[in-house]
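For the sequence shown, the residue numbers in our numbering are 703 to 1110.
For reference, the structure discussed in these notes is given below.
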Amino acid sequence: MPPEQTLMMRLMQLARRLTWLRLQSCCARTFTVGLVVLIVLLIAHRLYLITCPQWLWWALMAIAIIGATVWGYLNRATLPEVALEIDERFGLKERLSSALLLSRYKDSDPMISALITDAAEHSKRIDPRNIYPQRITRETRYMCAIGVIAILVALFMPEYPLLHSRTDRAVLKAIKLEGRKIKREARKLERRATKKHLKHTQRAARKLSKLGMDLEKGRYDKRKAMLRVAKLTDELKRKHEELARQVAPKDPLALNLSLSRLESQMKTELGQSAVEALRRQDMEKLRKLMEKLQRMLKQGDLTEEQREQIAGDLEKLSKELQKIISSLGGLQLELISELGELAKLLSEGNIQLSEEQLKKLAELLKDMQLTQADLEALKELLENLKDWEKLLAGLDRLCPYCQGVGKG
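Right, dumping it as structure tokens:
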């Protein structure tokens, strides 16, 4: 390897090593400042002097990392700087720095080539790890000490509303207790919804759990807490109305009268049961009837006459529902179409396509059944939210000494 290349490689190794150590020092100093700011904000937050949103902690961390990186980049080591430092440390009388400076003229003078060769020989004996060893610096010790203090403050400093009156503290404590109850009820609801595959109720329960956690942290006064509850209530009401438009009839009385007239015209037990299930909006029963019909077709338990009678009943049902189509919801309109298609396939004697249509119909009815269950769960949740809103509205009457329990 040429001497000038040996010299450059060694100086580059030293520069990288020094740059890495400087970056560590910059990170330690920047993180120390960030931790001090964090401790001050955390203490003020726990004393309710300020309210720090969660994104602020992440922003502070990001600023510290970016600041340390930029500072370290601007403070990176250069080759002339490293060469001068090595010359001074080992008393090399500027051999390395001079050789680095004159390396571009190595072919013009034999003395310059000799100087570069001598500098390269000296550089071979230099180990970057010995020149710039990895040590626990003073900045790192300070950072660790302040980090421990920050952890202790975060874990053990209690929340205390320093500037609040006794009544305000009582209200705040009651809000935190209600938040804990809301969070507990929301998690129970989410577990039930997950077990029953109620996706809309699951999402609502997660939002309710988030509300409960926010209230439990004590970061909301009575007005803000009521606004949060009211906002969630409005959101769930809109979702409830949206689901109701899908499965609930717009005019239940018209649907009930129409199906009551139709029930006596059904020739088969299956047709009568289907009409009864629709009249009661019992999608689970209707789904089981369709699954039963699918099994009977698959096993060949139906005679041609029975199949035609069932097809006729389903056709009558589809046509009767079409007469009151303006009174039905979105998924019910889809149900009419699927029932009409099934009646057509059965009357044509197409058993295979009828089985496929029944399978499709069963899936639709299952979706309607789950949507109805979501409706019931959301209705119960809205009633609970109404109760919690009333409770929050009455917090001003709490006793500042016992929070409304016992004697103040």
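Note that CB positions come from ideal geometry on N, CA and C, so glycine has one too.
The structure displayed is predicted, hence computed values, not measured ones.
Check the Cα spacing between ARG748 and each of LEU762, ASP829, THR734, LEU857: the tightest is with LEU857.
In the three-state DSSP reduction, TYR862 falls in the coil class, being neither helix nor strand. Note on geometry: alpha-carbon atoms of LYS826 and CYS728 lie some 30 Å from one another. ASN777 and ALA876 have their C-alpha atoms roughly 54 Å apart. The straight-line gap separating the alpha-carbon atoms of ARG871 and ALA946 is approximately 42 Å. Bounds of the alpha helix (DSSP H) holding SER1039 are 1032-1050. Measuring C-alpha to C-alpha distances from LYS1081 to each of GLU944, PRO951, LYS1000 identifies GLU944 as the nearest. Contact check for LEU957 and ILE1038: beta-carbon distance about 12 Å, past the 8 Å limit, so the pair fails to qualify. About 7 Å separates the Cβ atoms of GLU1040 and LYS1062, confirming a contact at the 8 Å cut-off. Every alpha helix (DSSP H) stretch that sits fully inside the stretch 888-922 and reaches 4 residues is listed by chain position as 901-918. The beta carbon of ALA895 sits closer than 7 Å to those of THR903, GLN904, ALA907, ALA1079, all from its chain and outside the five residues before and after it, given in chain order. For LEU1067, the secondary structure class from DSSP, reduced to helix, strand or coil, is helix. Here LEU988 is buried: its Cβ has 16 or more other Cβ atoms, across all protein chains shown, within 10 Å.
The distance from the Cβ of LEU972 to that of LEU955 is about 26 Å, inconsistent with a contact at the 8 Å cut-off. Taking C-beta separations shorter than 6 Å and ignoring five residues to either side along the sequence, the partners of MET1070 in its chain run VAL949, MET985, LEU1033, following chain order.
TYR862 is the residue among TYR862, GLU1017, MET998 whose C-alpha sits nearest the C-alpha of LEU751. When LEU980, ARG724, GLN715, ILE851 are compared, the shortest CA-CA separation from VAL739 is found for ILE851. Per the coordinates, the alpha-carbon of GLN1074 lies some 30 Å from the alpha-carbon of GLN1054.
If you look at ARG778, you'll find it isn't in any alpha helix (DSSP H); DSSP assigns it neither H nor E. Per DSSP, reduced to three states, the secondary structure at ASP984 is coil, with no helix or strand assignment.
In the three-state DSSP reduction, LYS952 falls in the coil class, being neither helix nor strand. Secondary structure at ILE851: helix, using DSSP grouped into helix, strand and coil. With a cutoff of 7 Å on beta-carbon distance, ASP1076 and LEU900 are scored as near each other. Pairing CYS846 with LEU781, the inter-Cα distance amounts to about 32 Å. If only uninterrupted beta strand (DSSP E) runs of at least 3 residues are considered, none is enclosed by the stretch 707-791. A Cβ-Cβ distance of about 4 Å is found for the pair ALA888 and LEU910, placing them in contact under the 8 Å criterion. Each residue's CA atom was taken as its position, placing LYS990 and LEU891 some 27 Å apart. A residue is called buried when at least 16 other Cβ atoms come within 10 angstroms of its Cβ; ARG982 does not meet this threshold and is exposed. In its chain, beyond the 5 residues on either side, no residue has a beta carbon closer than 6 Å to the beta carbon of GLY1014.
Of the residues LYS878, ALA766, ALA730, the one whose Cα lies closest to the Cα of GLU841 is ALA730. Contact check for VAL784 and LEU720: beta-carbon distance about 6 Å, within the 8 Å limit, so the pair qualifies.
The criterion of a C-beta distance shorter than 7 Å is satisfied by GLU918 and LYS878. The DSSP-derived three-state label of GLN967 is coil. If you ignore the 5 residues before and after MET915, its C-beta comes within less than 8 Å of the C-beta of GLY881, LYS885, all in its own chain and listed in chain order. Cβ atoms of GLY736 and ALA766 come within 8 Å of each other, at about 4 Å. Contact between SER1049 and GLU1010 holds: their C-beta atoms lie close to 6 Å from each other, under 8 Å.
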